[in-house]
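Inspection log for the structure reproduced underneath, given as structure tokens.
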Amino acid sequence: MALAEIRYTQNQIHDRVHDLAAELCTNLEGQRPLLVSVLKGSVIFLADLVRHMGQIGMDVDVDFMSISAYGAESEPSGVVRIVKDLEQPLDGRHVIVVEDIVDTGLSVSYLLRALTARNPRTLRVCALIDKAVRRITDLEVDYAGFICEEFLIGYGLDFQGRYRNLPCLIAVKDVAAVAIEPGALERLFEKGHGCNE
Ligand code: PRP
Numbered sequence: 003m004a005l006a007e008i009r010y011t012q013n014q015i016h017d018r019v020h021d022l023a024a025e026l027c028t029n030l031e032g033q034r035p036l037l038v039s040v041l042k043g044s045v046i047f048l049a050d051l052v053r054h055m056g057q058i059g060m061d062v063d064v065d066f067m068s069i070s071a072y073g074a075e076s077e078p079s080g081v082v083r084i085v086k087d088l089e090q091p092l093d094g095r096h097v098i099v100v101e102d103i104v105d106t107g108l109s110v111s112y113l114l115r116a117l118t119a120r121n122p123r124t125l126r127v128c129a130l131i132d133k134a135v136r137r138i139t140d141l142e143v144d145y146a147g148f149i150c151e152e153f154l155i156g157y158g159l160d161f162q163g164r165y166r167n168l169p170c171l172i173a174v175k176d177v178a179a180v181a182i183e184p185g186a187l188e189r190l191f192e193k194g195h196g197c198n199e
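All residue numbers for the sequence shown refer to this note's numbering, where the first residue is 3 and numbers rise by one.
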């Protein structure tokens with residue numbers, strides 16, 4: 003079995019992020035939304051998203067949150083601790099929570115409850131990857147880049163902290179093998195080779 007294969011190329015990601023930006027700009031025309039990036043995975047997506055929005059002509063604010071889940075990874079509790087909070091109030095703002103991936107939905111569901119209490123005018127979720135089949139909450143992603151079930155790395159998504167800076171999204175096919183040798187994929191995608199094929 004191949005260890006991994008390219009799932010979304012750099013060009014496909016570029017085009018999809020542009021489409022999402024255009025959709026956001028249309029829906030929020032005349033507004034100046036606040037995009038809330040949930041660290042760390044979403045920063046690369048956020049950076050591209052806001053640049054596309056800027057090119058389309060929309061001014062935005064950005065802010066950052068860092069959260070950490072309580073409980074074991076195998077048994078998520080759905081309770082999240084805010085490690086780094088926002089620096090600006092949400093009252094009356096159009097707020098978009100920007101995520102790299104929504105999986106079980108527990109993290110974002112918790113965040114939405116916490117942020118709703120701060121009286122935003124609207125609160126929506128924009129995620130690059132929507133792993134909808136894994137959802138155990140009733141959360142729906144308002145703006146989803148790709149719907150995908152696979153274990154993806156690259157473009158912000160990591161494997162034990164690595165590979166976030168790959169320019170494309172790669173599906174790890176043999177997770178067990180990569181877990182034994184986390185550096186195994188480095189050779190395959192050295193210098194982003196193949197990321198645009
Ligand atoms: C990822 C992602 C979400 C969460 C989604 O973060 O950015 O915050 O997991 O999972 P859920 O829907 O099952 O709650 P991760 O913990 O990998 O942190 P990172 O962004 O710093 O890599």
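The C-beta atom is built at its ideal place from N, Cα and C for all residues, glycine as well.
Your pair Gly147 and Ala129 checks out as a contact, with CB atoms roughly 7 angstroms apart and the cut at 8 angstroms. Taken through DSSP and simplified to helix, strand or coil, Cys27 comes out as helix. Within the same chain, His96 come within 6 angstroms of Leu30 by CB-CB distance, once the 5 residues on both sides are set aside. Non-local beta-carbon contacts of Leu171 in its own chain, meaning distances under 6 angstroms to residues more than five positions away in sequence, involve Arg9, Tyr10, Leu154, Gly156 and Tyr157 in chain order. In this structure, the straight-line span from the alpha carbon of Val127 to that of Val85 is close to 20 angstroms.
Counting only residues of its own chain and dropping the five nearest sequence neighbours on each side, Arg137 has a CB closer than 7 angstroms to the CB of Thr106 and Gly107. In the displayed model, Ile138 falls within coil according to three-state DSSP, outside both helix and strand.
Residue environment for Ser109: buried (at least 16 other C-beta atoms within 10 angstroms of its C-beta). Judged by pairs of C-beta atoms under 8 angstroms, the segment 87-95 touches the segment 113-126, as three or more such pairs exist. Distances taken from the Cβ of Glu151 to the heavy atoms of the ligand PRP include none shorter than 7 angstroms. Under the DSSP assignment, Ser111 falls in the alpha helix (DSSP H) whose first and last residues are Leu108 to Thr118. A direct Cα-Cα distance of roughly 7 angstroms separates Ile103 from Lys133. For Ala71, the closest of Ala178, Leu41, Thr28 and Phe161 by C-alpha to C-alpha distance is Leu41. Taking a 10 Å sphere around the C-beta of Glu89, we find fewer than 16 other C-beta atoms and assign the residue as exposed. For Ile58, the number of other beta carbons within 10 angstroms of its own is below 16, and it is reported as exposed. Taking the C-beta atoms as reference points, Leu187 is found no nearer than 8 angstroms to Leu48. Sequence-distant Cβ neighbours of Arg164 in its own chain, meaning closer than 7 angstroms and more than five residues away, are Pro184. In the three-state DSSP reduction, Arg18 falls in the helix class (H, G or I).
Of the candidates Ala179, Gly80, Ala173 and Tyr145, Gly80 places its Cα closest to the Cα of Leu113.
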